[in-house]
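Student: Residue numbers (the working numbering), protein chains in the order written: chain X, 1 to 481; chain Z, 1001 to 1258.
1) For residue 1200 of chain Z and residue 442 of chain X, what's the separation of their Cα atoms in angstroms?
2) Along chain X, in chain order, which residues have C-beta atoms closer than 8 angstroms to that of residue 1162 of chain Z?
3) Do residue 471 of chain X and residue 305 of chain X come within 8 angstroms of each other at the CB atom, strictly closer than that value?
4) Are the segment 454-467 of chain X and the segment 422-441 of chain X touching, with three or more C-beta to C-beta distances below 8 angstroms?
5) Since residue 1001 of chain Z sits in a beta bridge, which residues does DSSP pair it with?
6) From residue 475 of chain X to residue 307 of chain X, what distance separates their C-alpha atoms?
7) May I have the straight-line CA-CA distance separating residue 270 of chain X from residue 309 of chain X, to the nearest angstrom?
8) When every heavy atom of the ligand ADP is checked, does at least one fall within less than 7 angstroms of the C-beta of residue 208 of chain X?
9) Cβ closer than 7 angstroms: which chain X residues qualify as neighbours of residue 1062 of chain Z?
10) Just to confirm the assignment, what range does the beta strand (DSSP E) spanning residue 1033 of chain Z have?
11) List the residues that DSSP assigns as beta-bridge partners of residue 468 of chain X.
12) By the three-class DSSP mapping on this structure, what secondary structure does residue 61 of chain X have?
13) Assuming residue 1077 of chain Z is part of the beta strand (DSSP E), what are its boundary residues?
14) Can you tell me the Cα-Cα spacing of residue 343 of chain X and residue 333 of chain X, whole angstroms?
15) If contact means a Cβ-Cβ distance below 7 angstroms, which residues of the segment 1072-1086 of chain Z contact chain X?
16) Is it the case that the Cβ atoms of residue 284 of chain X and residue 319 of chain X are separated by a distance below 8 angstroms?
17) What residues of chain X sit near residue 1091 of chain Z, judged by a beta carbon separation below 7 angstroms?
18) What is the rounded straight-line gap between the Cα of residue 300 of chain X and the Cα of residue 273 of chain X?
19) I'd like the ranges of any beta strand (DSSP E) spanning at least 3 consecutive residues and lying wholly in the segment 150-181 of chain X.
20) Please state whether DSSP places residue 1126 of chain Z in a helix, a strand or coil.
21) Can you give me the C-alpha to C-alpha distance between residue 209 of chain X and residue 1103 of chain Z, rounded to a whole angstrom?
22) In whole angstroms, what is the alpha-carbon distance linking residue 207 of chain X and residue 264 of chain X?
23) Are the CB atoms of residue 1056 of chain Z and residue 1080 of chain Z nearer to each other than 8 angstroms?
24) At what residue ranges does the segment 336-407 of chain X contain a whole run of the alpha helix (DSSP H), taking only runs of 4 or more?
25) Taking all protein chains shown into account, decide if residue 422 of chain X is buried (16 or more other Cβ within 10 angstroms of its Cβ) or exposed.
26) With distances taken between CB atoms, is the gap from residue 370 of chain X to residue 345 of chain X smaller than 8 angstroms?
27) Check the C-beta distance from residue 1152 of chain Z over to residue 1172 of chain Z and give it rounded, since I have them as a contact under 8 angstroms.
28) Could you pull the DSSP bridge partners for residue 289 of chain X from this structure?
29) Could you give the residue range of the alpha helix (DSSP H) that holds residue 142 of chain X?
30) Closer than 6 angstroms by C-beta to residue 360 of chain X: which residues in its own chain qualify, once you throw out the five before and the five after it? Chain order, please.
31) Taking residue 178 of chain X and residue 252 of chain X to be in contact with their CB atoms under 8 angstroms, please state how far apart those CB atoms are, rounded to whole angstroms.
32) Closest by CA to residue 1071 of chain Z, which one among X/439, X/394, X/416, X/446?
33) Residues of the segment 385-401 of chain X in Cβ contact with chain Z at a cutoff of 7 angstroms, in chain order, please.
34) Residues in the same chain with beta-carbon distance under 7 angstroms from residue 321 of chain X, minus the five sequence neighbours each way, listed in chain order, please.
35) For a cutoff of 8 angstroms on Cβ pairs, would you count residue 448 of chain X as touching chain Z?
36) So with Cβ pairs under 8 angstroms, would you call residue 1109 of chain Z a contact of chain X?
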C-alpha cells in the first residue's frame, strides 16, 4: 500500500518566517552597472582614491568575464543591469548611538530575534547588523575596544583603519578570482571588519546579521577578519530576506587571515529566502569565502548551516601556508522544494605538516538538489600533509538528488588523504519506531536529521547550535506527509 | 483493557489475520506462541498501527477507545508500547534526548507539563538501577552500534521509562543469550503490576520459564486456535505445533460439512 516514498512525498513548504518587509525610506541607486555607479557608491561612502581605483579595476575586469559553466545546475541568466547596487535607509549615514537609529529598523532586527538595544542584547555576543547596503549598528564596541579588538562595519574600517584594510583587502580573494568576486570588489556595499591584536583571545562571539530588505537590489558585502599572532576569534553570520517573487543576488566575499598561532572560527547560519514551493523567487547566494593560515600553527575552521536561498553556490576554503597549520570545514546543507546547493570546500596544503578535515552533510528533500564539491590539493612542499574527508548525503523522499564531486590532487607522496562517503535515506522503519514511542512524524524527521547533522552542529557556538537545530526542524516542516 | 474481536488484516492483499479474538485485562500477562508465519508479528504491527497493514474486518478497543482509528503516535500516547523484534538504529540521536522527547510527547498528550530536568534524571537513574541497565548505553546514540542483546535491553529500558499500560514484546527473547534473557525477564517481572498488562510474542517456551504468563495462546493461520495456561506452553515445547495444526484444520473444515 504505502511506502516511505508515500509518507514523504507530500512536499509542501512551511511559510518562511522572515519574509516580511520593512517600510522605510530608502536611498536607492538607479539600476545598472557602470563606472558612474561605482563612483556613486564610493562617493556615498566617502572613500579614499585608492579604493575607488581598485573598484574600477575590478569592474573593468568583471565586464570581460563570462559566467562559469562547470557547476552542477543550470544557472538562470542574471541581468546585471537590472539590479540596483546601492540601497540604504535614509536619515543618517552613520549612527553615534542606538537612539539615533530609526525605530523601524530596530524593530525589524528585534523581529528577527536580533535585539540591538543594550538591555536585550544576546549575552556574550557582539552584533553588527547590516541592512541592505549599510551597517546600522554594532554592539559592545566599547568593551571590545578596551582589548584592542576592532569590530566595526567595513565602511567604518575604511575610514578609521585604512592601513589595515589596504594591507589585507583582496589578498586572499583577489578580484581576479572569479566573476562574483570581481563584481563584489567593484560594488562592495558594506560588511564587517574584525581585527584581533596579538595575543588577544576575543572574549565574546562576534556576529554579523545580514538583512536584505529593498527590492531589485543585490547585497554585496565584504567581510575581512584578521587574527594577529597568537589571537583567537569566533565569528558568526546570519542572514534573512523578505519573500519576493523575483530572485535577488547576494554575492559576498569573506577573507580570513590567521597569522602565527592564531585561530579563526567562522560560523554561518544561512537562511536567505529560499523561494516558494514552485521555485519562484529566492536568493542567489553566490559567495566567495576563503581563509589563509599565513603563519605557523594557525587554524581556520569554517562551519556552515545552509538552509535558505534558491541557489547556494560557495566553497569556503583554506590556504594552509604556514607549517603545522590546519583547516576545517563542517557543513550541513539542506535543500527542499526546488532549492539547489552546490557547495563544499577547497583545502590547499602548502606548508609542512598541514592538516585538514572536511565533514559535509547534505540533506535533500522534495525536489532539492544537493551537490558536494571539494578539492584537496597537496603541494610538492607539503611534507606529511593530512586530510580526512567525510561526505554524507541524506535523502528524504525519492524526487530529490545528492551528488558528490571530490577532487584530490597530490604532488607529495608523504601525504595521507582519506575520503569517506555515504548516502542514506530516512527509512519508514525509523519513523515508525519513533512514532511508536509517541513522537509524530514531523518531530521524528527533525530528530533524525538533527542526529545526522550533529557532528557539524556541535561545532557551532552554543547559542547558535540551538537556533540551527530549530532552523533545520522548521525548514523540514511540511516536507513529510 | 484490550479487546480484539474478529480481527482480519492483510498485507499486500494477502490475508494474514483471519478473525482473531483476544481479551486482555489489567495485571495479566498473555503469551502468544505459534509457528513461523502464523501472524504473530502481524498482530503486533496491526495493534501499533504500522503502515502497509490493512485491517479488513473486526474491531480493537483499547480502554474503550477504537484503537484502529488512532495514528501510531496516538496509540503510543494512549499507553501501547511495542518492544521491537528488530529495534532500528538512529545515528546521532542520544538515547536520553530521544527518551525525553518521547516522554514529553506522551505527557503533552495527557495534558501534563514537560518533565523537569531534575525529575527526568531521577527517573533515569531509578530505572537504570531497577533494570541493571548499563549507564553508558543511555548516553550513546539510539541503538547505534549496539549488540543484539543491548538493543533488546534498551527496548526494556524504554518500556520502564515510558511506563505504558500495555506492552507488547515481539520476540524479545530471540537472539539473546541465557544471561541477557535472565536480565530482560527480571526487568519485565519488576515492571509488571496490577495496572499494566503484557502481550509476549515468542517462539520458545524458554522465556516463559522466567516470565510466567497467566494465559498462553496458540496462533495458527491467523487465528487463535488454542488457549490455556502456562502448561500449554510446556505441552507445545514437547509436542511441537503439528498436532494443533491438524486440530485447526479439522475445526476450520467442519463448517463446510454441515
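C-beta: ideal position from N, C-alpha, C; glycine also.
Tutor: Working from what's here:
1) Distance between residue 1200 of chain Z and residue 442 of chain X, taken at the CA atoms: about 31 angstroms.
2) 437, 438, listed in chain order.
3) Annotated as proximal: residue 305 of chain X and residue 471 of chain X, with beta-carbon spacing under 8 angstroms.
4) Contact between the segment 454-467 of chain X and the segment 422-441 of chain X is absent, with fewer than three C-beta pairs closer than 8 angstroms.
5) Beta-bridge annotation (DSSP): residue 1001 of chain Z is not paired with any residue.
6) Going from the Cα of residue 475 of chain X to the Cα of residue 307 of chain X covers about 7 angstroms.
7) Residue 270 of chain X and residue 309 of chain X have their alpha carbons spaced roughly 8 angstroms apart.
8) The model on display carries no ligand, and the ligand ADP is accordingly not part of it.
9) Going along chain X, no residue has its Cβ under 7 angstroms from residue 1062 of chain Z, so there is no contact; the nearest lies around 14 angstroms.
10) 1029-1033 is the extent of the beta strand (DSSP E) around residue 1033 of chain Z.
11) Answer by DSSP bridge pairing: none, since residue 468 of chain X is not bridged.
12) Assigned with DSSP and collapsed to three states, residue 61 of chain X falls in helix.
13) Note, residue 1077 of chain Z: premise wrong, no beta strand (DSSP E); alpha helix (DSSP H) at 1072-1078.
14) Between the alpha carbons of residue 343 of chain X and residue 333 of chain X lies a distance of about 8 angstroms.
15) Of all residues in the segment 1072-1086 of chain Z, those with a C-beta nearer than 7 angstroms to a C-beta of chain X are 1072, 1073, 1076, 1077, 1082, 1084, reading in chain order.
16) Note that the C-beta distance between residue 284 of chain X and residue 319 of chain X is not below 8 angstroms.
17) Chain X residues near residue 1091 of chain Z: 451, 452.
18) CA-to-CA, the gap between residue 300 of chain X and residue 273 of chain X works out to about 28 angstroms.
19) Look at the segment 150-181 of chain X and you find these whole runs of beta strand (DSSP E), each 3 residues long or longer: 150-153.
20) It is helical.
21) Each residue's alpha carbon lies about 36 angstroms from the other.
22) Cα-Cα distance, rounded: 13 angstroms.
23) Taking 8 angstroms as the cut-off, the beta carbon of residue 1056 of chain Z is found no closer than this to the beta carbon of residue 1080 of chain Z.
24) List check, alpha helix (DSSP H) in window: nothing returned.
25) Per the 10 Å Cβ criterion, exposed.
26) No. Outside cutoff.
27) With 8 angstroms as the limit, residue 1152 of chain Z and residue 1172 of chain Z qualify as a contact, their Cβ atoms being about 6 angstroms apart.
28) Per DSSP, the beta-bridge partners of residue 289 of chain X are X/254.
29) Here the alpha helix (DSSP H) through residue 142 of chain X covers 141-146.
30) Excluding sequence neighbours, residue 360 of chain X sits near 331, 372, 391.
31) The beta-carbon distance between residue 178 of chain X and residue 252 of chain X, rounded to whole angstroms, is 13 angstroms. This is too long to meet the 8 angstroms contact definition.
32) Closest option to residue 1071 of chain Z, Cα to Cα, is X/439.
33) Under the 7 angstroms Cβ criterion, the segment 385-401 of chain X contributes no residue.
34) The residues are 292, 293, 294, 350, 351.
35) Judged by the 8 angstroms Cβ criterion, residue 448 of chain X is in contact with chain Z.
36) True, the Cβ-Cβ gap to chain X drops below 8 angstroms.
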